[in-house]
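Quick notes on the structure that follows.
Number of protein chains: 2
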Amino acid sequence: MLPKEVTIKYIAEKANVSIATVSNVINDKGRVSEKTAERVRSVIQQYQYQGNLAAKNLRTNKSYLFGVVVSVTQPERKLKDNPFYWELISGIEAEASGYEFSIVLKGIDSAEELSAFINQRNLDGVIIVGAEENSSFVKVAEESNIPAVYIDSYLEDVSLYQVRIDDKQGGAAAAKHLLQLGHRKVALLSGKLTYNSVNHFRWEGCKEELSAFDSYDESLLIETDTSAEGGYAAADDIIEKFPEITAVICFSDITALGLYKRLNEKGYEIPKDLSITGFDGVYFTNYMIPELTTIKQDVGKKGVTAVNLLFEQIKSNAWPVENRRISLPVYLVEGESTAPL
Amino acid sequence: MLPKEVTIKYIAEKANVSIATVSNVINDKGRVSEKTAERVRSVIQQYQYQGNLAAKNLRTNKSYLFGVVVSVTQPERKLKDNPFYWELISGIEAEASGYEFSIVLKGIDSAEELSAFINQRNLDGVIIVGAEENSSFVKVAEESNIPAVYIDSYLEDVSLYQVRIDDKQGGAAAAKHLLQLGHRKVALLSGKLTYNSVNHFRWEGCKEELSAFDSYDESLLIETDTSAEGGYAAADDIIEKFPEITAVICFSDITALGLYKRLNEKGYEIPKDLSITGFDGVYFTNYMIPELTTIKQDVGKKGVTAVNLLFEQIKSNAWPVENRRISLPVYLVEGESTAPL
DNA sequence: CTGAAAGCGCTTACAG
DNA sequence: CTGAAAGCGCTTACAG
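Protein sequences, first through last, are from chains Z and X. Letter by letter, the first sequence follows residues 0 to 340 in numbering that gives the first Met the number 0. Letter by letter, the second sequence follows residues 0 to 340 in numbering that gives the first Met the number 0.
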């Protein structure tokens with residue numbers, strides 16, 4: 000004869016104590032005699048009491064909820080197909096779960112939506128992926144005054160917590176690798192090249208290295224959608240307009256996937272006719288044929304790190320400014336998609 | 000001079016009405032004169048009032064939260080790499096968002112965890128992927144007495160809401176296709192073949208069709224992990240132990256991906272040496288080389304449908320039992336990975 | 001060591 | 001049409 004809901008009041012009655020005492024036992028607070036505590040615990044056990052987080056939230060203003068905000072495709076309003084997101088969320092979810100926090104996944108298109116999301120849900124923190132400088136998302140997150148971590152966002156404000164990788168070095172590593180193999184005509188296949196985006200820094204890294212060999216050519220910089228479709232569509236540009244190209248640096252594995260496909264249709268062989276590098280090192284790169292040479296980052300760790308930075312903010316906002324930007328390492332993983340010229 | 004939190008009380012003061020009236024305006028309930036309502040609305044607008052869902056939840060017992068439960072790999076406790084999940088969640092998120100519901104994504108390994116998750120969060124509904132008959136997950140969901148929808152679960156209890164595809168027909172379609180092409184020695188590459196799993200039905204479909212041509216051979220049924228690694232690992236079995244095989248039906252695109260890789264390493268050509276089919280039709284199948292012939296399902300729609308079934312339960316539990324199981328269509332998409340023998 | 005009481009921000013009968 | 005009051009399930013001073 001369990002009641003419909005086992006509440007703290009119910010437990011208190013069964014254990015012959017006040018609800019205050021039950022609360023103290025649950026939260027290990029105040030002084031409670033071991034004898035009483037023991038009794039309360041056994042009643043909790045017996046009735047399988049599970050606290051009501053909404054009530055707790057209302058009282059303490061903590062929701063034990065982190066929001067994860069990703070942008071969505073327009074106009075379909077779908078999450079993007081890039082496995083990068085899934086690996087990221089996998090890391091976030093695993094780390095947050097370990098601390099009894101849950102993850103609310105939200106595709107957002109407008110600042111108002113973000114504001115409502117953060118405030119109505121009383122989120123304890125929010126992780127925002129790929130925010131741009133001066134974006135309304137950043138403003139909203141700052142105004143709402145909750146712990147926030149930006150992933151893959153190059154925001155100048157030093158007070159913001161950010162997790163990223165060394166994109167510039169990654170770009171440089173890819174370029175260096177191809178230069179060493181003798182390539183001098185290298186196309187760069189970038190996603191949208193907005194100011195201070197990850198693409199921007201990957202591009203800078205490439206540019207610096209290529210320039211050192213006098214091999215940087217602005218006309219070989221191609222912007223396309225960061226998707227398999229985008230890589231596929233860009234292939235024709237590359238092979239038709241610039242037949243002199245011998246290598247392509249893709250700023251994302253997913254564009255390399257599309258590029259592979261189109262090149263294959265056109266009868267090109269990789270790496271014989273064209274060397275190709277990717278970026279991210281998502282799981283499928285190991286299964287591409289030929290295996291993709293790529294700039295590997297630990298996407299899951301990015302998520303884990305973001306969660307930890309959220310916890311730092313919850314604990315205190317005194318975390319020194321110098322420690323608020325974390326840059327994770329990247330390294331070249333040599334596959335079979337690059338060859339000496 | 001906004002207060003730290005704009006509450007209903009604050010709005011009531013500014014609008015010179017009671018909080019009850021504010022509440023009525025917000026929820027379009029009770030009788031409020033248009034004049035008053037207008038005033039209240041403008042104050043809400045002015046102070047950008049955003050309700051507190053925790054308070055609302057406590058009072059109404061509705062959280063506007065749906066849980067999505069996926070199983071995790073052991074022992075790493077990671078979400079699985081299969082893009083199937085991402086596409087599914089994409090559909091769920093988009094549909095739920097349209098109704099102001101948010102999605103809590105949770106990797107779960109134990110029934111206790113699931114129970115705590117559902118009850119503490121006051122979830123309004125839960126979507127469970129791939130539950131097995133008699134699994135403790137199903138018991139927990141039933142006991143907790145909240146709307147639940149099972150995806151890709153063949154549960155016998157007719158009162159349960161389930162969304163799936165016609166797995167048997169899908170398996171049959173793959174087999175039929177290969178038989179038509181003249182194949183008679185066909186291996187089946189399945190994930191774990193537990194009773195009443197999707198794999199089980201895909202297998203049944205294959206078996207029936209193959210048997211009709213006297214071509215079913217139990218020894219050609221191979222179980223492996225549903226992952227690219229699983230497909231990769233199974234390849235050696237297939238080509239070494241059973242050189243007579245001319246085609247492989249993979250019960251998942253992701254295993255086909257791994258299989259492709261290993262076959263390529265071994266010098267096999269697809270479809271010349273071996274015809275291959277996949278299952279699911281996830282985005283990357285269009286980019287496999289050769290393009291994978293696969294049994295396509297609309298994964299996003301599966302998610303959308305599950306959310307709608309959740310809403311049906313919220314509205315009433317009187318939904319006729321016959322309508323509680325929804326089976327979505329599948330169809331063969333012919334790629335380039337299958338050829339006449 | 002223990003409990004009575006206030007209060008978090010809402011909604012919902014109910015009275016007027 | 002409008003508002004005072006109770007109450008959802010907790011936590012937290014505070015008093016004893």
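Here a beta-carbon is modelled for each residue, glycine too, at the ideal position from N, C-alpha and C.
Spatial neighbours of Leu180/Z in its chain, beta-carbon cut-off 7 Å, leaving aside the 5 residues before and after: The residue you call residue 180/Z lines up with position 181 of the first sequence. Result list for Leu180/Z: Ser274, Thr337, Ala338, Pro339, Leu340, in chain order.
Buried or exposed, going by whether 16 or more other CB atoms sit within 10 Å of the CB of Pro328/Z? Residue mapping note: residue 328/Z aligns to position 329 of the first sequence, counting from 1. The residue is exposed, with fewer than 16 neighbouring Cβ atoms inside 10 Å.
If we cut at 9 Å on Cβ distances, does Ala54/Z have a partner in chain X? Position 55 of the first sequence, counted from the first residue, corresponds to residue 54/Z. Closer than 9 Å: yes.
Run through DSSP, which three-state label would Phe116/X get? Locating residue 116/X in the second sequence gives position 117, where the first residue counts as 1. Reduced to three states, the DSSP call for Phe116/X is helix.
What residues of chain X sit near Gly106/Z, judged by a beta carbon separation below 9 Å? For the purposes of this step, residue 106/Z is identified with residue 107 of the first sequence, where counting begins at 1. Going along chain X in sequence order, the residues near Gly106/Z (Cβ under 9 Å) are Ser89, Glu92, Ala93, Ser96.
Should Gly97/Z go down as buried or exposed, given a rule of 16 or more other Cβ atoms within 10 Å for buried? Along the first sequence, one-based indexing puts residue 97/Z at 98. With fewer than 16 other Cβ atoms within 10 Å, it is exposed.
Neighbourhood of Ile117/Z by C-beta distance below 8 Å, restricted to the same chain and skipping five residues each side: What you label residue 117/Z is simply residue 118 of the first sequence in a count that begins at 1. Closer than 8 Å at Cβ, skipping near neighbours: Gly66, Val125, Val139, Ala140, Ser143, Ile145.
Quick check on the DSSP output: the alpha helix (DSSP H) that includes Gly204/Z runs from which residue to which? Taking the first residue of the first sequence as 1, we reach residue 204/Z at position 205. Element bounds for Gly204/Z: 197 to 211.
Relative to chain X, which residues along the region 263 to 284 of chain Z have a C-beta separation below 8 Å, given in chain order? Asn263, Tyr282, Phe283
Drop a sphere of 10 angstroms on the beta-carbon of Ser226/Z, count the other beta-carbons inside from all chains shown, and report buried for 16 or more, exposed for fewer. On the first sequence, position 227 is the one that residue 226/Z refers to. By the Cβ-count criterion, Ser226/Z is buried, with 16 or more other Cβ atoms from all chains shown falling within 10 Å of its own Cβ.
Alpha-carbon spacing of Gln119/X relative to Ala54/Z, whole angstroms: Along the second sequence, read from residue 1 onward, the residue named residue 119/X stands at position 120. Along the first sequence, read from residue 1 onward, the residue named residue 54/Z stands at position 55. Taking the straight line joining both Cα atoms gives about 10 Å.
Got a sec: does the ligand SAM put a non-hydrogen atom nearer than 8 Å to the Cβ of Val148/Z? Here there are no bound small molecules, and the ligand SAM is not part of this structure.
From this set, Ala174/Z, Gly129/Z, Ala173/Z, which residue's C-alpha is nearest Thr193/Z's C-alpha? For the purposes of this step, residue 193/Z is taken as residue 194 along the first sequence, with counting starting at 1. With distances taken between Cα atoms, Thr193/Z lies closest to Gly129/Z.
Take every Cβ of the region 106 to 116 of chain X, pair it with every Cβ of the region 249 to 258 of chain X, and state whether three or more of those distances are shorter than 8 Å. no
Cβ neighbour criterion (16 or more within 10 Å) applied to Glu99/Z: As a first step, residue 99/Z is located in the first sequence; it is residue number 100 there, counting from the start. It is exposed - the Cβ of Glu99/Z has fewer than 16 other Cβ atoms within 10 Å.
Which residues in the same chain as Ala95/Z place their Cβ atom closer than 6 Å to its Cβ, once the five residues preceding and following it in sequence are excluded? Against the first sequence, residue 95/Z aligns to sequence position 96. Excluding positions up to five away in sequence, the list reads Phe65, Ile102, Val306.
Tell me whether Ala317/Z is buried or exposed, calling it buried when 16 or more other Cβ atoms sit within 10 Å of its Cβ. What you label residue 317/Z is simply residue 318 of the first sequence in a count that begins at 1. With fewer than 16 Cβ atoms within 10 Å of its Cβ, Ala317/Z is classed as exposed.
Neighbouring residues, chain X, relative to Gln73/Z (Cβ below 8 Å): Translated into positions along the first sequence, residue 73/Z becomes position 74. Result: empty, since nearest Cβ-Cβ is about 13 Å, beyond 8 Å.
Is any beta-carbon of chain Z found at less than 9 Å from that of Asp236/X? Looking up residue 236/X in the second sequence gives position 237. Not a single C-beta of chain Z is nearer than 9 Å to the C-beta of Asp236/X.
Using a Cβ cut-off of 8 Å, pull out every chain X residue sitting near Arg163/Z, in sequence order please. Counting from one through the first sequence, the residue named residue 163/Z turns up at place 164. Here the premise fails: no neighbours, minimum Cβ distance about 22 Å.
Helix, strand or coil at Leu187/Z according to DSSP, with G and I counted as helix: Locating residue 187/Z in the first sequence gives position 188, where the first residue counts as 1. Leu187/Z: strand per DSSP, three-state reduction.
Please list, in chain order, all residues of the same chain as Leu219/Z whose beta carbon is under 8 Å from its beta carbon, the five residues on each side excluded. Here the question's residue 219/Z lines up with position 220 in the first sequence. These residues qualify, in order along the chain: Lys184, Val185, Ala186, Leu187, Phe241, Ile244.
Outcome for Arg58/Z when other beta-carbon atoms lying within 10 angstroms are tallied against a minimum of 16: In the first sequence, the residue the question calls residue 58/Z occupies position 59. Result: exposed.
What is the rounded straight-line gap between the Cα of Val320/X and the Cα of Glu92/X? Looking up residue 320/X in the second sequence gives position 321. Looking up residue 92/X in the second sequence gives position 93. Roughly 26 Å between the two C-alpha positions.
Is there at least one Cβ from chain Z nearer than 9 Å to Asp151/X's Cβ? Counting from 1 along the second sequence, the entry for residue 151/X is found at position 152. So, not an interface residue.
For Arg343/X, which beta-bridge partners are listed by DSSP? What the structure shows of chain X is the stretch from 0 to 340, and residue 343/X is not part of that stretch, so it cannot be assessed.
Three-state secondary structure assigned by DSSP to Asp166/X: Residue 166/X sits at position 167 when you count from the first residue of the second sequence. In this structure, Asp166/X counts as helix in the three-state DSSP scheme.
For chain X, is any of its Cβ atoms less than 9 Å away from the one on Glu86/Z? Position 87 of the first sequence, counting from 1, holds the residue named residue 86/Z. So yes, Glu86/Z belongs to the interface.
Residues in the same chain with beta-carbon distance under 6 Å from Leu308/X, minus the five sequence neighbours each way, listed in chain order, please. Residue mapping note: residue 308/X aligns to position 309 of the second sequence, counting from 1. So the qualifying residues of the chain are Val148, Tyr160.
Buried/exposed call for Ala19/Z, threshold 16 Cβ in 10 Å: In the first sequence, residue 19/Z corresponds to position 20, counting from 1. Residue environment for Ala19/Z: exposed (fewer than 16 other C-beta atoms within 10 angstroms of its C-beta).
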